[in-house]
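In what follows, a single structure is set out as structure tokens and then discussed.
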Amino acid sequence: MTKKGSTFNTYSEELKLSAVQSYLNGEGSYNMIIERDFELAIKNNVVN
Numbered sequence: 001m002t003k004k005g006s007t008f009n010t011y012s013e014e015l016k017l018s019a020v021q022s023y024l025n026g027e028g029s030y031n032m033i034i035e036r037d038f039e040l041a042i043k044n045n046v047v048n
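Going by UniProt numbering, the first residue of the sequence shown is number 1, and it counts up by one from there.
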């Protein structure tokens with residue numbers, strides 16, 4: 001659940017398409033591409 005006052009990042013359509021193309025071209029794993037292109041560190045990946 002998000003906390004009150006949280007802010008969210010927005011990314012350009014070009015950056016998102018570039019990340020998808022990189023993944024489809026086999027240039028790395030999902031997490032590696034996200035960390036590289038979006039400069040995000042994946043802390044937890046919880047799947048229910």
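Using N, Cα and C, we set each Cβ at its ideal position, and we do this for glycine too.
Backbone CA spacing between residue i and residue j [nearest angstrom]
| i | j | result |
| --- | --- | --- |
| K4 | G28 | 35 Å |
| T2 | N9 | 14 Å |
| N31 | Y11 | 17 Å |
| K16 | N25 | 14 Å |
Endpoints, the alpha helix (DSSP H) within which residue i is located
| i | result |
| --- | --- |
| Y30 | 30-38 |
| Y23 | 13-24 |
C-beta atoms of residue i and residue j nearer than 8 Å
| i | j | result |
| --- | --- | --- |
| I34 | L40 | yes |
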